[in-house]
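**Student:**
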Amino acid sequence: MDRREMDIFDAATLMTLLHRGKRPSTLRTLLPGWDMLQVNVPSREQMETAMSILVGSGLAELDSSWGMLLTEEGEQVRRSVKGRQGMRMIPSAISEILAGRELSRAPLTLPQAVFDAAREDYYNAARRTAERTQKRRSRHRWWWPDPFRHPGQ
Numbered sequence: 001m002d003r004r005e006m007d008i009f010d011a012a013t014l015m016t017l018l019h020r021g022k023r024p025s026t027l028r029t030l031l032p033g034w035d036m037l038q039v040n041v042p043s044r045e046q047m048e049t050a051m052s053i054l055v056g057s058g059l060a061e062l063d064s065s066w067g068m069l070l071t072e073e074g075e076q077v078r079r080s081v082k083g084r085q086g087m088r089m090i091p092s093a094i095s096e097i098l099a100g101r102e103l104s105r106a107p108l109t110l111p112q113a114v115f116d117a118a119r120e121d122y123y124n125a126a127r128r129t130a131e132r133t134q135k136r137r138s139r140h141r142w143w144w145p146d147p148f149r150h151p152g153q
């Protein structure tokens, strides 16, 4: 995959996670979704490029706090593939649509500090979830048979 195809695929991944409405999706909510779809957390550069393609092509809007919403046109593109395949397949389908369109990039720079704060929030939330899960698994359950206890004791 060349750089242009990778950039379009990243924009398609981001587009899969966005919605149209009143409340924009924040970086803090987009990173877990990206990780779920692509099984990795994007770099700041990947996120910046994806945002710039979607905003520059009129498919998404960006607010002053780096929150994003799909435009009506972006929602039409996203809805055109929804439901035809599983969630992890949607970015590929959107990528095919975007590859056939004239795309441009908005001149924007995602500040490293803004991205780092969102990424740290995501990692910290994942760490807390893992710790809670580990605590639940390590607790003795009164209803679970103890393999070291003899029957009748």
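All residue numbers for the sequence shown refer to the UniProt record's numbering, where the first residue is 1 and numbers rise by one.
Even glycine gets a Cβ: it sits at the ideal position worked out from N, Cα and C.
Only a predicted model underlies this, so the values are computations on that prediction, with no experimental measurement involved.
#1: Under 8 Å by Cβ, that's how I've got T26 and A50 pegged, so tell me the actual separation to the nearest angstrom.
#2: What does the Cβ neighbour count give for V81, buried or exposed, with the cut at 16 atoms within 10 Å?
#3: Could you pull out every unbroken beta strand (DSSP E) segment of at least 3 residues lying fully inside the segment 22 to 64, listed in chain order?
#4: Excluding the 5 residues preceding and the 5 following P42 in the sequence, name in chain order all residues of the same chain whose CB lies nearer than 6 Å to its CB.
#5: Check whether the segment 97 to 116 and the segment 57 to 73 are in contact - that is, three or more C-beta pairs closer than 8 Å.
#6: For a quick check, are the C-beta atoms of V114 and I94 less than 8 Å apart?
#7: So, is G74 buried or exposed, given that buried needs 16 or more other C-beta atoms within 10 angstroms?
#8: For L69, write down the residues that DSSP places opposite it in a beta bridge.
#9: Measure the beta-carbon distance from Q112 to R44 and round it to whole angstroms, keeping in mind my assumption that it falls under 8 Å.
#10: Which same chain residues end up closer than 8 Å to M1 when comparing Cβ atoms and leaving out the 5 residues on each side of it in sequence?
#11: With a cut-off of 8 Å on the beta carbons, I'd call T16 and L37 a contact; round off their distance for me.
#12: Let's see if you can read the secondary structure: which residues bound the alpha helix (DSSP H) around residue 189?
#13: Mind checking if G58 is an interface residue toward chain C, Cβ cutoff 8 Å exclusive?
**Tutor:** Taking the coordinates as given:
#1: Incorrect: roughly 15 Å between the Cβ atoms, too far for contact.
#2: buried
#3: 60 to 62
#4: W34
#5: Touching, yes, given that three or more Cβ pairs across the two stretches are closer than 8 Å.
#6: no
#7: With 16 or more Cβ atoms within 10 Å of its Cβ, G74 is classed as buried.
#8: E61
#9: 6 Å
#10: Cβ neighbours of M1 beyond the five flanking positions: F9.
#11: 6 Å
#12: For residue 189 there is no data in the structure shown, the boundaries of the chain being 1 and 153.
#13: Here there is only one protein chain, and chain C is not present.
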